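Contents: one structure, followed by commentary.
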Amino acid sequence: MGYYNLDPNDISELISSFLEKNNKQNLQLDEVTKMFEEYFEMKANETYPQYANNYPPKTLALLHSYHLNREEFLKTFELIHNEEIQNLKSKVTKNKYTISGILRVLLNDETCNDLEVQSIAAICSLNRLHKKIIDYTSTSLFYSDTFEGLINTYGNMLFDAECLGGFSSRRQSRLVSMEIFPLSRQMIEYNFTYQYPVVESAVFLIRQAIEVQIKRGLGILYLKRNKSNGSLADVPITQLIKYIKKEISNKRIALSVDINILELINKWVNSYIHTGIFNYPLWYIEWIQFYLNDFFYVQKAISNLYESSEFNSNASIFAERNYAKKIQENLKRYFKDCDLTPYSKPEIISISRSEIIVIQNEIRNLENRLICKV
Numbered sequence: 038m039g040y041y042n043l044d045p046n047d048i049s050e051l052i053s054s055f056l057e058k059n060n061k062q063n064l065q066l067d068e069v070t071k072m073f074e075e076y077f078e079m080k081a082n083e084t085y086p087q088y089a090n091n092y093p094p095k096t097l098a099l100l101h102s103y104h105l106n107r108e109e110f111l112k113t114f115e116l117i118h119n120e121e122i123q124n125l126k127s128k129v130t131k132n133k134y135t136i137s138g139i140l141r142v143l144l145n146d147e148t149c150n151d152l153e154v155q156s157i158a159a160i161c162s163l164n165r166l167h168k169k170i171i172d173y174t175s176t177s178l179f180y181s182d183t184f185e186g187l188i189n190t191y192g193n194m195l196f197d198a199e200c201l202g203g204f205s206s207r208r209q210s211r212l213v214s215m216e217i218f219p220l221s222r223q224m225i226e227y228n229f230t231y232q233y234p235v236v237e238s239a240v241f242l243i244r245q246a247i248e249v250q251i252k253r254g255l256g257i258l259y260l261k262r263n264k265s266n267g268s269l270a271d272v273p274i275t276q277l278i279k280y281i282k283k284e285i286s287n288k289r290i291a292l293s294v295d296i297n298i299l300e301l302i303n304k305w306v307n308s309y310i311h312t313g314i315f316n317y318p319l320w321y322i323e324w325i326q327f328y329l330n331d332f333f334y335v336q337k338a339i340s341n342l343y344e345s346s347e348f349n350s351n352a353s354i355f356a357e358r359n360y361a362k363k364i365q366e367n368l369k370r371y372f373k374d375c376d377l378t379p380y381s382k383p384e385i386i387s388i389s390r391s392e393i394i395v396i397q398n399e400i401r402n403l404e405n406r407l408i409c410k411v
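Okay, structure coming up:
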């Protein structure tokens with residue numbers, strides 16, 4: 038249960054205690070409000086020492102103010118956010134970067150230590166999360182588990198931002214398998230604690246979503262290839278991405294995002310999946326989700342380039358209609374000796390005209406107009 042959730046027994050005890058303390062038989066409306074305010078203030082002060090050993094100072098301040106009341110939280114949140122953004126801006130010399138340009142730096146092992154780009158990435162992620170939290174503050178979601186989860190995510194991201202330029206670890210060093218497995222058990226019960234790698238585990242879902250989206254776009258349910266020993270093995274997603282890159286270079290198909298960045302994302306998520314080691318700021322995950330939104334939900338500016346008569350809002354691949362009909366034949370020709378189980382039909386945004394489809398560079402040009410300003 039969230040901090041602001043009360044079960045019937047708690048409410049009954051709270052009312053009885055309040056009536057007894059104030060020597061009353063009934064409650065007026067204003068007294069009900071006062072009763073709950075006093076209760077949550079007392080609870081906040083009691084739980085503060087328990088949280089002190091588990092959270093960084095600023096996260097602790099955010100949680101404590103949240104536990105007090107809405108007004109106190111807003112005041113504390115704005116103060117902490119503005120202070121951190123100003124600190125990060127002091128590390129930045131350029132006032133804008135392209136979104137795709139930032140990801141190319143973050144996901145490249147040779148450039149990911151660029152302090153300025155990391156600072157820009159942190160500013161953008163914190164600002165996006167700040168807007169979401171502010172929007173939720175004026176709704177009933179303020180009192181939900183969802184809101185408390187946002188505070189925890191913001192606090193972790195804030196801590197990562199404060200570590201820029203220095204050496205610090207956001208999480209204690211533990212045996213990762215003994216964190217991930219208990220988390221999997223808690224998740225099937227819709228119950229987990231913030232001490233487990235909850236946010237990091239989004240990486241698994243991102244990786245699966247990319248593979249499923251590509252396979253369904255190409256009309257594949259399973260694609261297996263003969264090994265040297267005669268057995269069949271799944272064609273890895275890296276090989277499918279390689280195939281898509283070749284078809285893009287030949288101007289046969291196009292993708293709703295930059296295939297090179299998608300390839301970098303796939304490589305990056307695989308690193309965590311295979312090692313369980315997450316030595317990156319949390320905004321990496323937020324940035325990847327932010328970028329991939331256009332992969333799963335094609336933006337109107339891109340779909341309009343095609344004037345498509347067969348528009349599929351779930352598709353990420355564009356092709357001329359006749360080519361789309363032969364996509365599975367082309368796959369079998371490319372992956373020799375393969376066994377392809379089709380997924381109904383390819384989920385492709387196709388056009389009826391015969392000339393070459395809109396080339397990938399036009400999509401990339403649209404992407405490069407997406408600016409992250411500071």
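Residue 411 is where the sequence shown ends in my numbering, and the numbering goes up by one at each step. Think of the CB as a built atom: it goes at the ideal place given N, C-alpha and C, for glycine as much as any other residue. As the structure is a computational prediction, the values presented were derived from the model and not from experiment.
- Task: Output the distance between the C-alpha atoms of residue 235 and residue 220, rounded to the nearest integer angstrom.
- Result: 7 Å
- With a floor of 4 residues, list each alpha helix (DSSP H) that falls wholly inside the region 273 to 357, ordered by position along the chain. Complete alpha helix (DSSP H) runs here, min 4: 274 to 286, 296 to 312, 320 to 333 and 337 to 340.
- Query: Which of helix, strand or coil does DSSP assign to residue 271?
  - Reply: strand
- Item | Nearest-angstrom Cα separation, counted from residue 367 out to residue 154 | 40 Å
- Task: Would you decide whether residue 252 is buried or exposed? Buried here means 16 or more other CB atoms lie within 10 Å of its CB.
- Result: buried
- Task: State yes or no: is the C-beta of residue 470 within less than 9 Å of the C-beta of residue 201?
- Result: The structure shown does not extend to residue 470, since the chain is modelled only from 38 to 411, so the question has no answer here.
- Message: Here's the rule I'm using: 16 or more other beta-carbon atoms within 10 Å means buried, otherwise exposed. How should residue 271 be labelled?
- Response: exposed
- Message: Taking only three categories from DSSP, how would you classify residue 375?
- Response: strand
- Item | residue 245, buried or exposed, once every other Cβ within 10 Å from all chains shown has been counted against 16 | When all chains shown are included, residue 245 counts as exposed.
- Query: Tell me the DSSP bridge mates of residue 257?
  - Reply: 379
- What runs of the alpha helix (DSSP H), each 4 residues or longer, lie entirely inside the region 108 to 180? Taking 4 residues as the minimum length, the alpha helix (DSSP H) runs contained wholly in the region 108 to 180 are 136 to 143 and 152 to 174, in order along the chain.
- Mind checking which residues open and close the alpha helix (DSSP H) that includes residue 189? 182 to 199
- Message: Helix, strand or coil for residue 359? Go by DSSP, reduced to three states.
- Response: helix
- Task: Quickly, what does DSSP pair residue 263 with across the bridge? List them, please.
- Result: 269
- Could you check where the alpha helix (DSSP H) with residue 102 kicks off and where it finishes? 94 to 105
- Item | Where residue 243 sits in the DSSP three-state scheme | helix
- Task: Mind the definition here: the region 370 to 386 touches the region 255 to 268 only if three or more C-beta pairs lie below 8 Å; say whether that holds.
- Result: yes
- Task: Please determine, among 266, 255 and 69, the residue with the shortest C-alpha to C-alpha distance to residue 274.
- Result: The shortest Cα separation from residue 274 among 266, 255 and 69 belongs to 255.
- Alpha carbon to alpha carbon, what distance is there between residue 181 and residue 142? 36 Å
- Any 3 or more C-beta pairs closer than 8 Å across the region 354 to 363 and the region 288 to 295: yes
- Item | Cutoff 8 Å; reference residue 54; Cβ partners in own chain excluding five residues on either side | Excluding five sequence positions before and after residue 54, none of the CB atoms of its chain fall closer than 8 Å to its own CB.
- Is the beta carbon of residue 239 less than 9 Å from the beta carbon of residue 198? no
- Does DSSP put residue 384 in a helix, in a strand, or in coil? coil
- Nearest-angstrom Cα distance between residue 166 and residue 222? 28 Å
- So is residue 33 buried or exposed if we call it buried at 16+ other beta carbons inside 10 Å? Not covered by the structure: residue 33. The range shown for the chain is 38 to 411.
- Please classify residue 52: is it buried, with 16 or more other beta-carbons within 10 angstroms of its beta-carbon, or exposed? By the neighbour-count rule (16 or more Cβ atoms within 10 Å), residue 52 is not buried but exposed.
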